[in-house]
Structure formats: structure tokens, C-alpha cells
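Please read the structure below before turning to the comments.
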Amino acid sequence: MAVREKRWSATNVQRADGDAHVSGKRPFTLTQLFSEREALRRTLILLVLSIVTTVGWWAISSWLPTYTVSIAKAQGIPDALSWGSRISIVYTIGAIVAYLIAGFVVDAIGRRAFLSLTFVGALVTTIITYKLTTSVEMMMVVAPINGFFTLGCAYVWMAIYPCELFTSSVRSTAISFVFNAARMIAWVFPIVAGSMIKSFGGVSQAALALGSVYLIGIVLPWFLPETRGAGMPD
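Just so we're aligned: 377 in the numbering used here is position 162 of the sequence shown, and the numbers increase by one with no gaps anywhere.
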């Protein structure tokens, strides 16, 4: 509808210049995201939330097998290396459960509450995982719960929330930017992982330090509009 009527505003918030968003020529969509004040504000907040999701997930998931193997070795368990794979599997199972039910939860409690509670859960389970878990048996219980938040819920919102914050003329560009721009930043972390572990004094300390990024994710959603029940704007 918006494309047929040549309405090119990036959000459903009217710009100060009234009908200046209506024209015969379609503007470059990425330019729209950064030229309209409300679209820019939403894009930047969503980008930071995407970075929080990506950095936190990378720190928690990439070091989890190594950390679990170290626990197994400390317990004197034979074939300690196999525990790395086992934990990766149960971590992923937790994420799959989140993928299956998160959409219903989002609709029940709202987008902002879901995001904030997701990052609360991610922060708490990260502390439990890397500070309080001392046996592989306990890790088998904790890891899927961690995966539920840090991989499952933490990524589900990207398929739901941005769609409802932008109009159809820029929606796919906005979603792609929010999802992929974070990866252009996060690719650095695997390269410097060894240095980070050394600087922080171990895997658990490094994971906890990077996991603190979830504090940002708890607060930021409340600076975005709630879209529950509103549907996607034209």
C-alpha cells in the first residue's frame, strides 16, 4: 500500500515537514533510516541491542565447551573432552525450546518486557554458569537454561520487533541492517579471544566481563515504542 501510494516515510510517525515524505521517486532506503529522526533513533537503539545479543552470545557459547572440559578435568572424569560436545548439544536444545515458545510469550507480555526479561535471564544464567557451576552434572542443567536465554530468546526478537517499528518501504533494509551490522563489529572478538582470556585472568572471568553487556539490553528496550497488538505499519 505504501509503495503504491508513494509514501516513503520510514516510520509511522509523521515528520515535521508534513507531506515531504510523499514523492514520485523512491529514495534510497538506507538513506531513509538515517535521515529521518525517529527512524534513526529506532535504528541505533536496535543496533545496540543487536550488538548486545551478539557479543553476549559469542562470549557465552564459544567458551562454554572449553570451560566445561576444564570442570570435567578438575573432577577427574575420564574422557573429559567429550563433555565439550555434550554441553554444546544441550545448550542448543535450550535455544530450540525458546524458538518454539518465545513468539507466544512475546504476544502475551509485550515486546519491551520480553526483551528486558530476556537480558535479565541471560545475565543471571551467565553468572550461574561461569561463577557458581562447579560440576558437569550441574552444567548439564544450567547450560540449556543459558541457551534458552542467550541464544534462543536473545535472537527471537530480531524476527519480530523490528518488523513492527518500520514501514513497508524500508522494513527489509532496517531488519537486514540491524541483524548484520552487529556482525561487522562482533567478528573482531574471535580474533582477540586468546588475549581477552589472558587479560581477564581466565575463561570464566572473560565470559562474565563480556556478559555484563546484558545490563545495557535490560534498559534500552524501554526507549522504544511498544507494538504489541499494533501489527506492522504500511
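Just so you know, even glycine gets a beta-carbon here, dropped at the ideal spot from N, CA and C.
Measuring alpha carbon to alpha carbon, tell me which of the options ends up nearest residue i.
i: A422; options: A295, A274 and A389; result: A274
i: E379; options: D322, F415, I308 and Y314; result: D322
i: L435; options: F243, L248, R256 and P242; result: R256
i: L248; options: T365, G362 and T388; result: T388
i: V270; options: E441, Y429, G446 and R443; result: Y429
i: I308; options: T365, S331, P293 and A401; result: T365
i: A225; options: Q290, V351 and R386; result: R386
i: C368; options: R398, G409, F319 and V351; result: F319
i: T283; options: A397, M355 and T246; result: M355
i: P377; options: L330, G416 and T348; result: L330
i: L400; options: T258, E253, V228 and V263; result: Looking at the sequence itself, residue 400 is Ile, so the reference to Leu does not match. With distances taken between Cα atoms, I400 lies closest to V263.
i: A358; options: T382, A317 and I311; result: I311
i: L332; options: F363, N227, L245 and L315; result: F363
i: Y345; options: P405, S277, D294 and T246; result: S277
i: L279; options: L315, A254 and V305; result: V305
i: T349; options: I316, A289 and T340; result: A289
Can you tell me whether residue i is buried or exposed? The criterion is at least 16 other CB atoms within 10 Å of its CB, across all chains shown.
i: I266; result: buried
i: P448; result: buried
i: F243; result: exposed
i: A235; result: Reliability of the predicted coordinates at A235 is poor, the pLDDT of 45 falling under 50, and no value is obtained from them.
i: W272; result: buried
i: S384; result: buried
i: S410; result: exposed
i: V351; result: buried
i: I286; result: buried
i: W298; result: buried
In this structure, how does DSSP classify residue i when only helix, strand and coil are distinguished?
i: M354; result: helix
i: G299; result: helix
i: E379; result: helix
i: T268; result: helix
i: S503; result: Residue 503 lies beyond the range of the chain shown here (216 to 449); nothing can be said about it.
i: T226; result: coil
i: D455; result: This structure gives no information on residue 455, because the portion of the chain shown stretches from 216 to 449.
i: V385; result: coil
i: R252; result: helix
i: W450; result: Residue 450 falls outside the range modelled here, since the chain spans only 216 to 449, and no answer is possible.
i: W278; result: helix
i: T348; result: coil
To which residues of the same chain is residue i closer than 7 Å at the C-beta, ignoring the five residues directly before and after it?
i: F438; result: I260
i: E441; result: G325, R326 and R327
i: A317; result: G367, C368 and V371
Spatial neighbours of residue i within its chain, please: C-beta separation below 8 Å, excluding the five flanking residues on both sides.
i: M373; result: S265, T268, I390, V393 and F394
i: L338; result: G426, S427, Y429, L430 and I433
Is the beta carbon of residue i within less than 7 Å of some heavy atom of the ligand ZN?
i: L296; result: As presented, the structure is devoid of all ligands, the ligand ZN included, so that no description of it is given.
Return the chain-ordered list of same chain residues with a C-beta closer than 6 Å to the C-beta of residue i, the five sequence neighbours on each side being excluded.
i: I431; result: V267
i: Q420; result: none
Report, in whole angstroms, the separation of the C-beta atoms of residue i and residue j, which I expect to be a contact under 8 Å.
i: R443; j: R326; result: 6 Å
Measuring only between beta-carbons, confirm whether residue i sits less than 8 Å from chain B.
i: G446; result: No chain B is part of this structure, which consists of one protein chain only.
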